[in-house]
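Residue numbers (this note's numbering): 138 to 519.
Report on the following structure.
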Amino acid sequence: MEGAGVARVFMSSNFLLDNVHKDYNDPFAEVLFRINAGKLIDRSLANSALNFVLNFSNQSSKRAMLASLLVGLGQSSRSEDTILGLIDAISDYEGRDLTQRIVLKSTGTSRVVALAGSGKKGLKTINISTISMITAIASGAMCVKNGSSATSSLIGSSDFVRSLGIYIPNNFAQQEQLFYETGFGFFTIESLLPRFDSVYGGIFFAPHILSYALPAVVMPIEADILMYGFAGPDVDLSTRVLNSLGFKNNLVVNNTPDTIHYVDEATSIGITSVAGTINGVVGNTRMIDMASFLHLNHQVTPSFYQLKNIDAQVSFALKLMRSEFKGSIVENTVCINAGNIVYLSGIAETPEQGFEICKNAIHTGLVQSKLEMIRHASKRYR
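In structure tokens form, the structure reads like this:
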């Protein structure tokens, strides 16, 4: 009987602990207690905690609380439910449904591929994704990408696109028109989460719990398939969250040389991990040594690491697109990512074939020609 009594006490205690947050007057503190105790955070509590923080009256305290919450949750309480609760809270705070998007349709037989990335890389690189996007478009793909100006990085994707000589139209209708004309769709996101960005901006320097999905979720458009780069270890969780948020066809990629520092692209050195969802069905995660997979036995420099200033990065990118770095780590890396886009679009039957198609596009001048065409078309919207 004594043992049964003890069991009842523990059962009662667990019940109380699991339900106390429903009436708790400080859900932020409750989340911190549960993080320290190694407990998972359900969707409702995650939502309540972030809403509590975002509506806190003291601005400096609010930013410190937000940092504690998002970094803490990213370390010990990662779950699909937790992330969905946080996204719910941001939707509430902004007063709009983040899962509602404008659909862009392909003008041909290929699929439209959307690109997004978490940023906050463990290794600073040149703007691989934008160069890969232009290379894929030159190979026949239609791509859309969101971007912003620099905050903590040397050059943001919007800054980089403008530095390449491409004018970014000021309104969505013109951005959409440029996409249908050239296959290049670039949508600025600075104004999409104005209230949240006023709290969030400039206080994070590494991936956190929202990095699993938010940069994709804020995209104003919906394509046939999403390729998402995540600069963290758990690509499986990212693809599952994206699936739950409406991205029923997605591929999530990362890369690391040491299982500590991650970038949000595939590369030709280190280990690349991929996880994906097809028609709402989540597949298995694969870890790939891309150099071995593609038989890249004699790669040469230069690599893809960030250069000292914006002008140097833009000059480097233009040389790359002019085929001045044949067989290099950086060219192979761009073609791996561009090849994945071409494969996802349906132009290539395999990623390996996509890689070769994109190599050829650089070496034959197609990429340089496509860049000039996008530049020329964009100037009409000034």
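Backbone N, C-alpha and C fix where the C-beta goes; we use that ideal spot for every residue, glycine too.
Query                                                                                                                      : Result
A368 versus F165 - alpha carbon distance                                                                                   : 26 Å
With 16 other Cβ atoms within 10 Å as the buried cut-off, status of T133                                                   : Limits of the chain in this structure are 138 at one end and 519 at the other, which puts residue 133 out of reach.
Cβ neighbours of Q490 in the same chain (closer than 6 Å, five flanking residues each side left out)                       : none
Spatially closest choice to Y337 from I227, Y480, Y317, by CA coordinates                                                  : I227
Rounded C-alpha distance that separates L481 from D426                                                                     : 20 Å
G476 - DSSP class collapsed to helix/strand/coil                                                                           : helix
Pairwise C-alpha distance: Q196 and F316                                                                                   : 39 Å
Best match in N307, E318, D334 for proximity to L191 [C-alpha to C-alpha]                                                  : D334
The ligand ADP heavy atom lying under 7 Å from the CB of D218                                                              : Questions concerning the ligand ADP fall outside what the structure shown contains, since it holds no ligand whatsoever.
DSSP three-state assignment for Y442, whether helix, strand or coil                                                        : strand
7 Å Cβ shell around F462 - same chain, five flanking residues per side excluded                                            : P439, K456, E468
Straight-line Cα distance separating I172 from I326                                                                        : 32 Å
G222 versus S185 - alpha carbon distance                                                                                   : 8 Å
Inter-residue spacing [alpha-carbon to alpha-carbon] between G254 and T246                                                 : 26 Å
S452 (DSSP reduced to helix, strand or coil)                                                                               : helix
Neighbour-count burial assignment, A258, 16 or more Cβ in a 10 Å radius                                                    : Looking at the sequence shown, residue 258 is not Ala but Lys. Buried, because 16 or more other Cβ atoms sit within 10 Å of the Cβ of K258.
Neighbourhood of I362 by C-beta, 6 Å cutoff - its chain only, sequence neighbours within 5 removed                         : R248, V250, N386, L481
Residues that DSSP places opposite Y365 in a beta bridge                                                                   : A253, V389
Chain-order list of residues whose beta-carbon lies under 8 Å from that of R299 (same chain, five-residue window excluded) : I305
Through-space distance from G232 to G277, alpha-carbon basis                                                               : 38 Å
Which of helix, strand or coil DSSP assigns to N283                                                                        : strand
N264 beta carbon less than 8 Å from that of F297                                                                           : yes
Per DSSP, the bridge partner or partners of R423                                                                           : V411
F309, DSSP secondary structure in three states                                                                             : helix
Among T422, S269, S381, the one whose alpha carbon lies nearest that of A235                                               : In the sequence as presented, Ala is not what sits at residue 235; that position holds Leu. Checking every option, the nearest Cα to that of L235 belongs to S381.
Per-residue DSSP class, three states only, for S460                                                                        : coil
Per DSSP, cross-strand counterpart(s) of F324                                                                              : N283
Contact check, N392 vs I408, beta carbons under 8 Å                                                                        : yes
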